[in-house]
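Engineer:
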Amino acid sequence: MPRSSLREMFLAPIRHLILVIVGFKGEAHGYEILKEIEKISRGTWKPSHGNLYNMLSKMVEEGLLEPREEYHGKRKLIKYTLTEKGWEYLREANEVALQSLYITFQYHEALRKKLEELGYGRELAREAIEEYLKVLDRVCEILNAKRRALREMLEAKKKGEEEA
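Here our numbering = 1-based position in the sequence shown + 1.
1) Extract the residue ranges of the alpha helix (DSSP H) inside the stretch 10-61, only unbroken runs of 4 or more that lie entirely within it.
2) Which class does Arg148 belong to by DSSP, given the choice of helix, strand or coil?
3) DSSP beta-bridge partners for Thr82?
4) With a cut-off of 8 Å on the beta carbons, I'd call Glu37 and Ile22 a contact; round off their distance for me.
5) Apply the 10 Å Cβ neighbour rule to Leu78 and answer buried if 16 or more other Cβ atoms are within range, or exposed otherwise.
6) By Cβ distance, which residues of its chain are closer than 8 Å to His50, with the 5 residues on each side in sequence left out?
7) If you count every other CB in all the chains shown that lies within 10 Å of the CB of Met60, and 16 or more means buried, which is it?
8) To the nearest angstrom, report how far apart Lys47 and Glu39 are at their CA atoms.
9) Cα separation between Asn145 and Leu137?
10) Are there three or more Cβ pairs, one per stretch, closer than 8 Å when the stretch 121-129 is compared with the stretch 79-92?
What follows is the structure in structure tokens.
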């Protein structure tokens, strides 16, 4: 895949990705965020400093991030943490992601079959198959845990209604 196409894949979810990075780290400064994005995209995309800092400023204005200035000698460093609104955004985004996960896998498989039909398919390397299986196993674990939790919630609600 051309590098420009790979870079474009990362443009849309960048706000979400920034919030995830800051959320997991607890706090992060711009350079840390840049390096983490580069790592996640396997080096195929790295936002410019200007674009990233403009986006961080906008996210501060929107109340998703809170900046904290730190000084190292004369050098000013701004570290960002998630606000309550930022955590709420991530919670909602996570719920949407879990709800759409099954559909995404169906779409992925349908697209893979279509690419094969059109002659664009290719044999997967053993390493790719192993990684794919790890991801699917983890997704199954997450979905099974969510299913158990939802069943427990439903049972608790039924029990509460019966007692009322």
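The beta carbon of each residue, even a glycine, is placed where N, CA and C say it ideally should be.
Structural biologist: Taking the geometry as given:
1) Segments of the alpha helix (DSSP H) lying fully in the stretch 10-61: 15-26, 31-41.
2) The answer is helix: DSSP assigns Arg148 an H, G or I state.
3) According to DSSP, which records beta bridges pairwise, Thr82 is partnered with Glu67.
4) Contact holds; Cβ gap of about 5 Å.
5) The residue is exposed, with fewer than 16 neighbouring Cβ atoms inside 10 Å.
6) Contacts found: Gly31, Leu35.
7) The C-beta of Met60 has 16 or more other C-beta atoms within 10 Å across all chains shown, which makes the residue buried.
8) Taking the straight line from one Cα to the other gives about 5 Å.
9) Linking Asn145 to Leu137 through their CA atoms gives a straight-line distance of about 12 Å.
10) The answer is no - the stretch 79-92 does not touch the stretch 121-129, with fewer than three Cβ pairs under 8 Å.
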